[in-house]
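**Student:** Protein chains in written order, with the working numbering: chain W, 1 to 886; chain V, 1001 to 1087.
For every residue, glycine included, the Cβ atom is placed at its ideal position computed from N, Cα and C.
As the structure is a computational prediction, the values presented were derived from the model and not from experiment.
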């Protein structure tokens, strides 16, 4: 891993292998199709000849004398009985044959043309080495030569050569054998090769017809021994066996003068085998199959595609010391923690170097063995392997643990199993931002899943419908330090995207804190104490006595988890739109959440206070008290939320959406009214009396008018429904507090679903002039264009259901298109910016040192530390100082 | 038709030519060689507008750009006029 670049690629040259070259690099001429003899020893001159390398321990390579891991393997070769075409070059062979004369071998251009083209070709080759430019020019020249039917040099008449895919050439219906093709290619002159983009130094066209086939080293096609002791050969070896067999039979038939028909059949068969040896998915021929019916994986298949060498093995590296499993929630864990199942913890290890200070502890650790448990049968970290200074690994088992522990000396390394408190990296794909991979400390838990606090779902964008996540165990001290200091969850609470908290309360946290603080409820002491037992506290909230009974107040309980000294005043989400007095609060003061010296005196805690993305309290705690206090606040909030909700109870159901008959009738009335009004609008439009609004056509005006009418009734029906659904309704509580859903969703369920739209307009596609054949062509009425007057509660009729599905599909298509588009855009940006860096003076530079920005972000402000993009919130600080306690 | 001066548009930041004698001072302040500065094409509309005032600008002239910034008031950026024209 040390040292710089030892070799630099100066250039790459592509060339053809000549038969001589193949023979020269070959260590053995393979003549037998057999592999091993009865004793399992490689047969000489067979496909597993020892000259081509060794894969069995104990044997030595007959070429280099190396043992299994020392010998790199060597090529052999097969002499083919008759020449065959190389499928990979079929296009080039066709151009070469088309552009040259079959009798004299000259390119079918006049001397003058040859002279001028040669000059241009040479110029291009000199000025650029871009293969694309050369290829383009060569294509033009060869096309011109191919279009000639009479050779300008010898006058031979040519008929059209047809390529019968994949490898057969025909001239006037008669087959041109590879042998003949080879002869024609041999006649092509060296000095005319440049017209075809070939370099005469390294490539002769006849080499595209194979007479000799290289046999790849055994290391490339190792045979495997099955559990039954049976040998199983690699697909490539199978294919080579076929080639040798057919080649031999062809040779015999030819030599003993068999009928031409039989020879031709065998020749075709040889061609088939060689073709499928290169590419088993060649169009036009059936793929060669294994005995089991599985298609063989030959040379091209090894390289190509997602599972090929490039995408799978070279670009897709896999790491050790990692684990992946399903995730599930655990509110009793801190945001900084991750629950790791014991099974995973036993496999994952951290290297511990033994020195004089820790040798005794390490010996004790090793002595525990790999399945250590304490006296109450709880998990204890053991050791899987010990590594000697010379790098040899010794497996620790329960049997040899005691003995091995005595051997451990300073200088050794011990692979210790994961233990509570280890810092690890936790990740969910797609890793779209830096919070997709954060540092967590380990808690060993029962069962099979990774577990974490619900507040951390947001940065990972995780839910628990089957999501899986990855865990990586850090192996070096430096990395561990970085993970602790900068990657730990608490350090990532502030998002660099908008300078606010990205980790905060979700669903139940918000519901619970809302119910706990809204209207400052009185909580009987015994209930309150039960809730407080979920928290780790040093003090109790003040008690109020009413009618001889002792009570806590909700806000006082919430105040317990706030840091001392916090001063804050902000508008709650519940009352964000209220002007003078908030309709949901009895006390006008409660319009604002007021916190003085860590004690909440007014207001309602909701999404605006503790939500991820928005939470003001989380934001302020982080800035004033730092990451640790914030993490503690979120942890306590989660526990308090669970404690509160599990004793109070909270549930939602369809009865949440029951509204009185009178309200349903009223909604029916206004929706019918809207349909009528739409009808009238269409009527005026038909008569040509509709006045276009400025800058719009009459048609557009009609659409906009109708949309606003239908929009209005939907809002109206929502209002009617909401009148009967107050803050004692669980669905409304969730919507108003920002825990989940919007009021719009509730009005869709209880009131009316409303106008469906595609691309911002009413539905208009489908049949000619109508959405469905139930309507007259050109019907512009409300129902015909996707107005749904039912609610989800009452149910949609089939027409409405269809319209609703049209609208719903747009959303799905949008998501699919958006994710792929934005994903690719982000990838391009990442690739463009990946090696820019910010230097000591906050200058943004590329690798050369060229300036991109003179100051990071033009102002040098770290958006993570900015206040929602602004440098400072003066009002907050003024308020804080004003209420500072001496 | 009156010719539009792009520099007077509110969305175009202020462009100024740095005088030859001040160039060294600017570069020293930045602690950077001239060839590492960001470039600006001679065909850039802002350069064309500057040339109306200063006459032809040769390649290598440093342009100082002052952009409005919500956090800093304004921020300064430098670009060097290229000798070739980008397309």
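Tell me whether residue 438 of chain W sits in a helix, a strand or coil according to DSSP, three-state version.
**Tutor:** strand
**Student:** Which whole runs of the alpha helix (DSSP H) in the region 285–311 of chain W are 4 residues long or more, in chain order?
**Tutor:** 299–303
**Student:** Taking just the CA atoms, how far does residue 562 of chain W sit from residue 681 of chain W?
**Tutor:** 58 Å
**Student:** Using only alpha-carbon positions, find the residue among W/95, W/142 and W/102 that is nearest to residue 113 of chain W.
**Tutor:** For residue 113 of chain W, the nearest C-alpha among the options comes from W/142.
**Student:** Using a Cβ cut-off of 8 Å (strictly closer), state whether residue 1066 of chain V contacts chain W.
**Tutor:** no
**Student:** Could you tell me which chain W residues have their CB closer than 9 Å to the CB of residue 1057 of chain V, listed as they occur along the chain?
**Tutor:** Near residue 1057 of chain V there are no residues of chain W at all, since even the closest Cβ is about 20 Å away, more than 9 Å.
**Student:** Find the residues of chain W that neighbour residue 1038 of chain V, judging by a C-beta separation of less than 8 Å, and give them in chain order.
**Tutor:** 850, 851 and 852
**Student:** Does DSSP classify residue 1 of chain W as helix, strand or coil?
**Tutor:** Bear in mind that the predicted position of residue 1 of chain W carries a pLDDT of just 46, short of 50, making it too unreliable to give a figure here.
**Student:** Buried or exposed, going by whether 16 or more other CB atoms sit within 10 Å of the CB of residue 556 of chain W?
**Tutor:** buried
**Student:** Quick check on the burial criterion: 16 or more other C-beta atoms within 10 angstroms. Buried or exposed for residue 1 of chain W?
**Tutor:** Here residue 1 of chain W scores only 46 on pLDDT, less than 50, and its place in the model should not be relied on; the value that follows carries that caveat. Residue 1 of chain W should be labelled exposed.
**Student:** Please confirm whether residue 871 of chain W has its beta-carbon closer than 8 Å to some beta-carbon of chain V.
**Tutor:** At a cut-off of 8 Å, the C-beta of residue 871 of chain W has a neighbouring C-beta in chain V.
**Student:** According to DSSP, is residue 337 of chain W helix, strand or coil?
**Tutor:** strand
**Student:** Taking a contact to mean a Cβ-Cβ separation below 8 Å, would you say residue 738 of chain W touches residue 607 of chain W in this structure?
**Tutor:** Taking 8 Å as the Cβ cut-off, residue 738 of chain W and residue 607 of chain W qualify as a contacting pair.
**Student:** Suppose contacts are defined by Cβ-Cβ distances below 8 Å. Is residue 691 of chain W in contact with residue 505 of chain W by that definition?
**Tutor:** no
**Student:** Mind checking residue 310 of chain W: buried by the 16 CB within 10 Å criterion, or exposed?
**Tutor:** exposed
**Student:** Which residue spans inside the region 164–202 of chain W form an unbroken alpha helix (DSSP H) run of at least 4?
**Tutor:** 178–187
**Student:** First and last residue of the beta strand (DSSP E) that includes residue 1028 of chain V?
**Tutor:** Here residue 1028 of chain V belongs to no beta strand (DSSP E); instead the alpha helix (DSSP H) covers 1020–1030.
**Student:** Skipping 5 residues on each side, what residues in its chain have a beta carbon closer than 8 Å to that of residue 312 of chain W?
**Tutor:** Correct list, in chain order: 306.
**Student:** Check the Cβ of residue 1032 of chain V against every Cβ in chain W and list those closer than 7 Å, keeping chain order.
**Tutor:** 851
**Student:** Is residue 323 of chain W helix, strand or coil when you go by DSSP?
**Tutor:** Three-state result, residue 323 of chain W: strand.
**Student:** Tell me which residues share the same chain as residue 703 of chain W and place their Cβ nearer than 7 Å to its Cβ, disregarding the 5 neighbours each side in the sequence.
**Tutor:** 761 and 762
**Student:** Exposed or buried, residue 622 of chain W, counting other C-beta atoms within 10 Å across all chains shown (16 or more means buried)?
**Tutor:** buried
**Student:** Please classify residue 876 of chain W as buried or exposed, where buried requires at least 16 other C-beta atoms within 10 Å of its C-beta.
**Tutor:** buried
**Student:** Give the range of the alpha helix (DSSP H) segment to which residue 723 of chain W is assigned.
**Tutor:** 698–723
**Student:** Could one say the Cβ of residue 1083 of chain V lies closer than 8 Å to chain W's Cβ atoms, at least one of them?
**Tutor:** no
**Student:** Taking the alpha-carbon of residue 440 of chain W as reference, which of W/421, W/363 and W/432 has the nearest alpha-carbon?
**Tutor:** Nearest to residue 440 of chain W by C-alpha distance, out of W/421, W/363 and W/432, is W/421.
**Student:** Return helix, strand or coil for residue 1009 of chain V, following the three-state DSSP convention.
**Tutor:** coil
**Student:** Taking just the CA atoms, how far does residue 221 of chain W sit from residue 281 of chain W?
**Tutor:** 19 Å
**Student:** Anything in the region 856–885 of chain W with a Cβ closer than 9 Å to a Cβ of chain V? List those residues in chain order, please.
**Tutor:** 857, 858, 859, 860, 861, 866, 869, 870 and 871
**Student:** Find the nearest neighbour of residue 657 of chain W within the set W/722, W/409, W/757 and W/501, judged by alpha-carbon distance.
**Tutor:** W/722
**Student:** Which class does residue 222 of chain W belong to by DSSP, given the choice of helix, strand or coil?
**Tutor:** coil
**Student:** Quick check: the Cα distance between residue 710 of chain W and residue 674 of chain W, rounded to an integer number of angstroms?
**Tutor:** The alpha-carbon atoms of residue 710 of chain W and residue 674 of chain W are separated by roughly 6 Å.
**Student:** Identify the continuous alpha helix (DSSP H) that holds residue 1077 of chain V and give its terminal residues.
**Tutor:** Taken as a continuous stretch (DSSP letters only), residue 1077 of chain V belongs to no alpha helix (DSSP H), being part of the beta strand (DSSP E) at 1073–1081.
**Student:** Could you pull out every residue in the same chain whose Cβ sits closer than 8 Å to the Cβ of residue 182 of chain W, ignoring the five residues on either side in sequence?
**Tutor:** 83, 206, 209 and 211
**Student:** Comparing the CB of residue 185 of chain W with every heavy atom of the ligand ATP, is any distance shorter than 7 Å?
**Tutor:** Only the bare structure without any ligand can be found here, which leaves the ligand ATP out of the picture.
**Student:** Within a Cβ cutoff of 7 Å, which residues of the same chain sit near residue 197 of chain W, ignoring the five residues on either side of it in sequence?
**Tutor:** Cβ neighbours of residue 197 of chain W beyond the five flanking positions: 134, 135 and 138.
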